[in-house]
Structure formats: C-alpha cells, structure tokens
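Below you'll find the structure, written out as structure tokens, and then a few comments.
Protein chains: 2
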Amino acid sequence: MDALFAAAAFTAPGPGPLYLHLSRRISERIAAGGLAPGSSLPPEREMAALTGLSRVTVRKAVQALVQSGQLVQRRGSGTFVAPKVERLEQALSLLTSFSEDMARRGKAARSVWLARGVHAPAPEEMMVLGLTAQDHVARLERVRLADEVPLAIERAALSSAILPDPMVVGASLYATLAERGLRPVRAVQRISATNLTSRDAGLLEVAVGAAGLRIERVSYLPSGRVVEFTRSIYRGDAYDFAAELQIAAEPQGKRT
Amino acid sequence: MDALFAAAAFTAPGPGPLYLHLSRRISERIAAGGLAPGSSLPPEREMAALTGLSRVTVRKAVQALVQSGQLVQRRGSGTFVAPKVERLEQALSLLTSFSEDMARRGKAARSVWLARGVHAPAPEEMMVLGLTAQDHVARLERVRLADEVPLAIERAALSSAILPDPMVVGASLYATLAERGLRPVRAVQRISATNLTSRDAGLLEVAVGAAGLRIERVSYLPSGRVVEFTRSIYRGDAYDFAAELQIAAEPQGKRT
DNA sequence: TAGTGGTCTAGACCACCAA
DNA sequence: TGGTGGTCTAGACCACTAC
Chain A
838 MDALFAAAAF TAPGPGPLYL HLSRRISERI AAGGLAPGSS LPPEREMAAL
888 TGLSRVTVRK AVQALVQSGQ LVQRRGSGTF VAPKVERLEQ ALSLLTSFSE
938 DMARRGKAAR SVWLARGVHA PAPEEMMVLG LTAQDHVARL ERVRLADEVP
988 LAIERAALSS AILPDPMVVG ASLYATLAER GLRPVRAVQR ISATNLTSRD
1038 AGLLEVAVGA AGLRIERVSY LPSGRVVEFT RSIYRGDAYD FAAELQIAAE
1088 PQGKRT
Chain B
838 MDALFAAAAF TAPGPGPLYL HLSRRISERI AAGGLAPGSS LPPEREMAAL
888 TGLSRVTVRK AVQALVQSGQ LVQRRGSGTF VAPKVERLEQ ALSLLTSFSE
938 DMARRGKAAR SVWLARGVHA PAPEEMMVLG LTAQDHVARL ERVRLADEVP
988 LAIERAALSS AILPDPMVVG ASLYATLAER GLRPVRAVQR ISATNLTSRD
1038 AGLLEVAVGA AGLRIERVSY LPSGRVVEFT RSIYRGDAYD FAAELQIAAE
1088 PQGKRT
C-alpha cells in the first residue's frame, strides 16, 4: 500500500539529492490521483521513520511541495494534499468590477479592509498622481474574496483632492468616485510576477514564496487626469488574465 | 563596520524566528545600498560564526533571499548580491516579434533551440489544435535571450499539416509560416503566475521556485483556423506586460 | 495532554571552483 | 589544494491544535 515511503527507494537512490526523490514521488502520486485533495500525509516524523531519512530531509522535500502549492501544512494539525483551486479567467481589456465579475460567475464577492487613511505621499505616488510634497494621498488597502477564498490584495492611492475621505468608500471605490463625477474611463496596467512576501502570503492563505501576479494600474478621467494608482497582488494559482492580440504591421514577417 | 552580523543582534532577538531576523537585516542593507550589486557576502560558515547562529539557520536566511532574487549563490565560489535586472516592458495588445522588440530597444536577440521534432499529439494539443490521435504535431522549444540574458522559454506546438518540418524554422517561426501563407493575424493569450521548476529555473538562470509568468497563446489565421499553440515562461523579475483597459458598460458604477 | 509542525543546533561529507 | 556552497543526520525545544 504505502510503497510511497518504502525505505528501499531511498537507501540506493538514483542520481540527485534524496529530498528531491521524495518530493517527486509524492508529487507524482498526487498527480496520479493516488492522494486525493484534502487527504492527509503521515506526520513528518513518521515519514522520516518509514523512508529512513532524517526529519530535516523529509521537511525539505515537503516544503518544496508546499511552496509550489501541492501540499498544505497546518501547525499542530498535519500535512494535507492541497484542495483544487478553481482558476478564474479575467479579461484584460476591460475595466470591470470585481463584484460584478464574481456575480456573473455565481460567486459571492467580499472585501476585508486592511487600512484606510490619508497620508503624506510617497515619492512614487507623487510621480504617478502628480502631487507635491504638500499634498496628501488617500490610501485604501483591502483583500478581495470570492466565496470566502482570498484572491487578491488591492492597494489604491488617490489624491486627497479626488477622495478627501477614504472612509466614505463602501464596497465599491468606483461607485464612490462616480457619485462625485470622477469615474475613470481608461486605465493602463503593468503585469509582472513576484514571489509573495510573508505578509501577502498570509493574507492570501498560500505558502510564503508562492508565485503571484503583481498588477499596477493607473486610471484616468476623460480629461486625462489621473484618478487612482493601484498596486494589486493576485494569487498566481487562482487567476488567469486573458488578452486578445492583433497582428502588428510587420512587412518582413518577423516574429515573437 | 560589519554590524550587519553582530552577534548581539541575535542573542537577544525580538519576536520571530532568528533566520527571519537575519534575512531582513541583509535585505534592508541591500535596499539601503550598503551592499552593492555584485559584491560578495562572507562565506556561510563565517556568517554563522559572526552571528553566533548555526550554519543551517544562516542558510535558511540566505535561501529566502536567493529565492526572492536578491542574492545569488555559486557553488565553490560564494554568495553575491544579485545584479540589477533591467525590466522590459511589452505591450500585450500587439502580436509583435521578439527580435524586433529587442532591436527597438537596442538589444541583441538570440534563441537557443532546446528541441525540435514531430510527435504524436498530447491530449491538450489535440483539443486546442483540433487534431485526432492519428495526426502529428511539430514541437519547437527554445530559450529567448536579449543581450545574452535569458528572458523566456517558448514551447510551441503546430499541426504537422501546417508545419511538416520544424527544422526549416530559422530565427523566426512567423517568417517561416508567412512563406507558406500561414501567418496568424490574431491570438488569444492567458497569463498566470507560477513558481519555476528546477529545469525552467536553470534555463532562465534564476533560483528554483522564483516567480515566472506563464503565458499560453493560441493564434489564428484570418479564416479562423488555429495555427499555433504556444506555452511560454517569462522571467518575473525581467518582464512587465503592459495593457490598456477601457471602461465596460456599467450603468450602476460598480467597480474593481 | 498528546501529537503536530516550526525552529535551531553541531557536526559531517560531498561536489564544484579557483588558484 | 583549500575554500565554497549543497546535502544529510540525530536530537532538542517551542508553539499550536485537537481532544
């Protein structure tokens, strides 16, 4: 049954480190469906005894799988196969509403506020929002959840001339802006990948170092004035951004 | 001078694990410019002696910084502050050429072929390319470099009806297709984040587990026929994808 | 209270790199 | 050849969870 942890496989290992062998064995077992999502692995000490490896080595093998999102560890409780995460697809060309997106998918959208306040602007905020050191910025920070699964962290900065009191914002920042006639109509985004910090990983309930999408967005009024500067972190395992590309004018026919 | 590793800071530590303290101290020193890119840190054994920590603990602190891309370790050589990586910005709305993009930036584009051949199609390839089990796919795998810095891994799959012999492809797949009158004019992309596997990390010369952008692209002929199915991995620390968003029709003014 | 994961240690050997 | 990072061990204590 549990040939997975048979000592024989580790006494005369093939090439490569022992922890990688164990890591791969577990990973393959999961992929093959031999370990269902939510099912538990033996305690670390038991895996060590079964395989004949030290607990440190077992931990290193398990850590690799935790970081890549295949396993979840809970202190005092145990090690479990990670539940399957449903990937959400999001169009990149439309400035849409998180709540509406979720409603369209039949999911309950919710926000948890982490911070709201007015501060002196950071240099980057001065640059992007066009502020001086004497101006102030309203900062809004929250976690976005769908069906109670945290999907993203949003950190928005707006000139206090545009949003004097961040406490008046309810579920929707754009709704608040719209009431003041300051709804953005256009935005520019930059997308990159990053390893989640300990803090962000905790907020998104994934392992430290897991991959996330970092998205910076600057949105504009019809007049061209900047409205908001938002830096978001999306869970890499739960989000797909979809974009459509058109061919560029390319007489020579070179290529990507 | 090297108060960075002063034992005093670790004998009576504040809250939290010792390795995190060390990790943060080094990270802050780098951010403050006190450790220039390319400069070396003391050997692990020396850091352990200086701080009064065990080598295992020092390694754990260093590993965190290696994984997040702040440090680089070379076996037999030492530990160094990572060189600054220039971020490249790439428009998401245009199907452009890697070589041309790089030329526009004054960089030398180069490809290293990893594999080229004709195979039986994988299930996913059958789905996307519309093949049967009797058809064949041409697979092309290469690393893209700019000024000798590896930026991306591209894995393309095409029906062998479209590309019978993958060996005829030169620097540009699209140029080869264009010669046959099969140049795509439209594509759909999906972007997500992932932790790099050991193999991909090696190819891109970054740490295992570093964050990367995974991009799947399906491109089409004017007729709507699928031309290629490409799965790429981009370095998260070197690439920014830029997209412009237009407001969606939203009478109620909800929001992101 | 018993069991789990989280941290930490001291010491060992190996593989690789540079002189 | 000497020094570096990479792997591995046996054992200890702590913090948290579940009962």
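Quick mapping for you: the protein sequence lines, in order, are chains A and B. Read in order, the letters of the first sequence are residues 838 to 1093 in my numbering. Read in order, the letters of the second sequence are residues 838 to 1093 in my numbering. All residues carry an ideal CB built from backbone N, CA and C; glycine is no exception.
- Annotation for A/Gly1073: Ala1030, Ala1047, Ala1048, Gly1049, Leu1050 place their beta carbon closer than 8 Å to its own, counting only its chain and skipping 5 residues before and after.
- Residue pairing by DSSP places A/Phe917 opposite A/Ser877, A/Val909 in a beta bridge.
- Between B/Val980 and B/Leu1040, the CB-CB gap stays under 8 Å.
- Checking the DSSP bridge columns, you'll see B/Glu926 partnered with B/Asp1077.
- Listed by position along chain B, the residues whose Cβ is nearer than 9 Å to that of A/Phe1066 form an empty set, because the closest Cβ is around 13 Å away.
- What A/Arg866 touches in chain B, judged by beta-carbon distance under 8 Å, is nothing: the nearest beta carbon there is about 18 Å away.
- Straight through space, the alpha carbons of B/Glu1065 and B/Gly1007 are spaced by roughly 16 Å.
- The beta carbon of B/Tyr1076 sits closer than 8 Å to some beta carbon of chain A.
- By the criterion of a C-beta distance shorter than 7 Å, A/Ser864 is surrounded in its chain by Leu902, Gln907, once the five residues flanking it on both sides are discounted.
- Taking 7 Å as the Cβ-Cβ cut-off, the segment 929 to 942 of chain A approaches chain B at Leu929, Ser930, Leu931, Leu932, Thr933, Ser934, Phe935, Ser936, Glu937, given in chain order.
- Listed along the chain, the chain A residues whose CB falls inside 8 Å of the CB of B/Ile1028 are Leu929, Ile1028, Leu1050, Asp1077, Phe1078, Ala1079, Ala1080.
- For A/Ala1024, at least one C-beta of chain B is nearer than 8 Å to its own C-beta.
- By a beta-carbon distance limit of 8 Å, A/Val1025 does not contact A/Leu1033. Their separation comes to about 24 Å.
- Interface flag for A/Gly1046 against chain B is set, since a Cβ pair is found closer than 8 Å.
- B/Leu968 is the residue among B/Ala898, B/Thr1013, B/Leu968 whose C-alpha sits nearest the C-alpha of B/Val1063.
- Between the alpha carbons of A/Ile999 and A/Glu1081 lies a distance of about 33 Å.
- Contact with chain A is found for B/Gln1083, since one of that chain's Cβ atoms lies less than 8 Å from the residue's Cβ.
- Here A/Phe1078 is near A/Leu929, since their CB atoms are less than 8 Å apart.
- Between the segment 931 to 948 of chain A and the segment 875 to 891 of chain A, the count of Cβ pairs shorter than 8 Å is below three; the stretches do not touch.
- B/Arg1023 and B/Ser1056 do touch by the CB rule: their CB atoms are close to 7 Å apart, below 8 Å.
- Under the DSSP assignment, A/Ser936 falls in the alpha helix (DSSP H) whose first and last residues are 935 to 941.
- When Cβ-Cβ separations below 8 Å define contact, B/Gln971 makes no contact with chain A.
- B/Ile867 sits in a helix when the DSSP states are folded into three classes.
- Between B/Ile990 and B/Ser860, the CB-CB gap reaches or exceeds 8 Å.
- In the displayed model, B/Thr1031 falls within a strand according to three-state DSSP.
- In terms of Cβ geometry, A/Val922 and A/Gly875 do not form a close pair [threshold 8 Å].
- Between A/Arg942 and A/Leu982, the CB-CB gap reaches or exceeds 8 Å.
- Annotation: Cβ neighbours of A/Gln904 in chain B (cutoff 9 Å, chain order): Gln904, Asn1032, Gly1046.
- Straight-line spacing of the CA atoms in A/Ser905 and A/Gln971 works out to 45 Å.
- For the segment 849 to 863 of chain A, the set of positions with a beta-carbon nearer than 7 Å to some beta-carbon of chain B is empty.
- In summary, A/Ser1060 is exposed, with fewer than 16 beta-carbon neighbours lying within 10 Å of its beta-carbon over all protein chains present.
- A/Gly1073 has a beta carbon lying within less than 8 Å of a beta carbon in chain B.
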